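In the numbering used here, the protein residues as written are 2 to 234.
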């Protein structure tokens with residue numbers, strides 16, 4: 002039986018994986034669906050708090066200790082292999098596996114956010130795509146409708162398929178305005194990959210002052226029912 006939940010990945014760093022993860026988490030909480038959230042590896046962590054976890058907490062309460070949610074934290078804002086080499090503290094895939102195992106023992110579902118793109122190296126032998134494969138989860142690819150996104154999104158999907166990772170769909174973030182061109186981009190990616198679009202988040206949503214307002218807006222732009230279907234109620 003395939004694991005219940007989703008793994009949020011993206012075409013590149015800064016594309017909006019954390020915001021998408023936070024909104025999905027808020028939607029799950031709103032529907033009373035049990036889940037554990039995980040950010041297995043976080044680089045660029047300067048102090049005791051992880052920026053991505055703080056973003057989660059804006060949208061929903063964490064039911065697990067921060068150390069379990071984010072077990073590997075590195076200071077340099079670099080790929081994990083480089084950041085860990087600078088600190089002389091190699092990333093142990095066993096640490097990640099153990100944290101995910103514990104979350105699965107404590108929750109019906111898991112919601113996992115990756116780091117960077119799918120070929121970012123976590124260790125000398127394991128990439129983000131490899132980790133998604135290990136979890137057995139469907140992947141959601143976060144993309145942005147800028148010039149080059151067709152190429153970036155299709156390459157990301159191809160890399161996942163080469164590892165036989167199932168893909169739930171694509172979410173577009175930072176959409177300034179829906180237009181004929183945006184619709185054409187979505188249609189072209191869908192045609193080339195046969196992967197469905199699960200909706201989008203607009204740039205106006207980022208300017209909203211409260212997490213509640215952002216989530217309410219997302220109800221109108223995301224395929225919520227389809228996204229929630231990957232979680233066991």
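We put the CB at the ideal spot given by N, CA and C, even for glycine. A quick note: this is a predicted structure, and the numbers were derived from the prediction, not measured.
- DSSP places residue 200 inside the beta strand (DSSP E), whose first and last residues are 198-203.
- In the structure shown, residue 153 falls within a helical segment according to DSSP collapsed to helix, strand and coil.
- Of the candidates 76, 28 and 38, 76 places its Cα closest to the Cα of residue 49.
- By alpha-carbon distance to residue 72, the top candidate from 59, 149 and 39 is 39.
- Counting only residues of its own chain and dropping the five nearest sequence neighbours on each side, residue 96 has a CB closer than 8 Å to the CB of 72 and 73.
- Only residues of its own chain outside the window of five on either side were considered, and among them 75, 91 and 92 have a CB closer than 7 Å to the CB of residue 85, listed in chain order.
- Counting only unbroken stretches of 4 or more residues, the alpha helix (DSSP H) elements lying wholly within the segment 40-105 are 52-60, 67-70 and 81-88, in sequence order.
- Our two residues, residue 88 and residue 185, have alpha carbons roughly 45 Å apart in a direct line.
- Remark: fewer than three beta-carbon pairs, one from each stretch, lie closer than 8 Å, so the segment 26-39 and the segment 125-134 are not flagged as touching.
- Taking C-beta atoms as the reference points, residue 12 and residue 154 count as a pair closer than 8 Å.
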